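Chemist: Sharing a structure, written as structure tokens. Questions coming.
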Amino acid sequence: MSARADDVLILGVGNILWADEGFGVRCAEAFHAAYADEPGLRVMDGGTQGLNLLGDVQGARRLILFDALDFGRPAGELLVLRDAEVPRALNAKMMSLHQASVMELLACAGLLGAAPEAITVIGFQPVLLDDYGGCLTPQAAAAVPAAVALGARELQRWGYEMRPRGPGDRPEPLLDASLAFSAYAAGRPSATEACRVGDARFLDGLVA
-13 MSARADDVLI LGVGNILWAD EGFGVRCAEA FHAAYADEPG LRVMDGGTQG
37 LNLLGDVQGA RRLILFDALD FGRPAGELLV LRDAEVPRAL NAKMMSLHQA
87 SVMELLACAG LLGAAPEAIT VIGFQPVLLD DYGGCLTPQA AAAVPAAVAL
137 GARELQRWGY EMRPRGPGDR PEPLLDASLA FSAYAAGRPS ATEACRVGDA
187 RFLDGLVA
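Numbering of the sequence shown is given in our numbering, commencing with residue -13 and proceeding in unit increments.
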């Protein structure tokens, strides 16, 4: 399939420091590792950059967005939304500040007449958010491969032939090595070594 350089942007957004909030970024990371590079496709870790991603979104004819969003569904559920379904879902219930920034990002692109022709959101209903420094919950980690497969299926629907990477195909990592999922999970201190919800020793001192 012939395509311009920015035909499809595959974007993962979220904050990897807050448990399932990092789902979208981990999906982009896994997608990049799983599938061979294709002309016209760009995989990007959007983090919590919000409107700073406007130029990237404007430059894409189609957009696949991985994210953790509150759809009011059972925790751990995956949901695929396309085009007109996207703004309705993003406006339904605010879960985090980055959700607002995603809404603003897509709205601004639309106001500028440069929104992607097609937008697909592959969303995950989070299990846990308020765990600072936390990795994905087991449910979220288990959902990443399924979300990546949904993204590949969407690209096939758009005419792309997705090729899994071979054993010798080792791409440049999408994230810094210290932030890669395996390294981040292995390097996290235990709850006894680093309190995750506020240091009781400090709080006790304030009360005293």
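No residue lacks a Cβ here, since even glycine has one placed at the ideal position from N, Cα and C.
Computed from a prediction, not measured in an experiment: that's the story for all the values here.
Less than 8 Å between the C-beta atoms of I2 and E140, yes or no?
Modeler: Going by C-beta atoms, I2 is not nearer than 8 Å to E140.
Chemist: Are F17 and A126 close, meaning C-beta to C-beta below 8 Å?
Modeler: Not in contact: F17 and A126 (Cβ atoms no closer than 8 Å).
Chemist: Per DSSP, what kind of secondary structure is D(-7) in: helix, strand or coil?
Modeler: Note: D(-7) maps to coil in three-state DSSP.
Chemist: Rounded to whole angstroms, what's the CA-CA distance from G36 to G173? Just pull it up for me.
Modeler: The straight-line gap from Cα to Cα measures roughly 28 Å.
Chemist: Compare the Cα-Cα distances from L(-3) to each of A166, L98, F57, G32 and report the closest residue.
Modeler: Here the closest residue by C-alpha is G32.
Chemist: Note down, in chain order, each residue of its chain lying with its Cβ closer than 8 Å to the Cβ of D155, except the 5 sequence neighbours on either side.
Modeler: The residues are A22.
Chemist: Go ahead and label A(-9) buried or exposed: buried means 16 or more other beta carbons lie within 10 angstroms of its beta carbon, across all protein chains shown.
Modeler: Only weak support exists for where A(-9) lies, its pLDDT of 47 falling under 50; the coordinates are left without a value.
Chemist: For the putative contact between A5 and L122, defined by C-beta atoms under 8 Å, what is the C-beta separation to the nearest angstrom?
Modeler: The pair is a contact, with the Cβ atoms about 7 Å apart (cut-off 8 Å).
Chemist: Can you confirm whether the stretch 54 to 68 touches the stretch 102 to 109 when touching is taken to mean that 3 or more C-beta pairs between the two stretches lie within less than 8 Å?
Modeler: The answer is yes - the stretch 54 to 68 touches the stretch 102 to 109, with three or more Cβ pairs under 8 Å.
Chemist: Thinking C-beta only, is L40 closer than 8 Å to L91?
Modeler: Yes, these two residues count as a Cβ contact at 8 Å.
Chemist: At what residues does the alpha helix (DSSP H) containing V11 begin and finish?
Modeler: Per DSSP, V11 belongs to the alpha helix (DSSP H) from 9 to 20.
Chemist: Can you tell me whether R139 is helix, strand or coil according to DSSP?
Modeler: R139: helix per DSSP, three-state reduction.
Chemist: On the criterion of 16 or more Cβ atoms from any shown chain inside 10 Å, does R149 qualify as buried, or is it exposed?
Modeler: The residue is exposed, with fewer than 16 neighbouring Cβ atoms inside 10 Å.
Chemist: Could you tell me which residues DSSP puts in a beta bridge with F57?
Modeler: Its beta-bridge partners do not exist; DSSP assigns none.
Chemist: Over the uninterrupted alpha helix (DSSP H) stretch that includes D42, give me the two end residues.
Modeler: Segment 40 to 44, the alpha helix (DSSP H) holding D42.
Chemist: So, helix, strand or coil for M(-13), using DSSP?
Modeler: Low local confidence applies: a pLDDT of 40 at M(-13) is under 50, so the model's placement there is unreliable, and no value is given.
Chemist: Kindly indicate the opening and closing residues of the beta strand (DSSP E) around G32.
Modeler: 27 to 33 is the span of the beta strand (DSSP E), which, as asked, contains G32.
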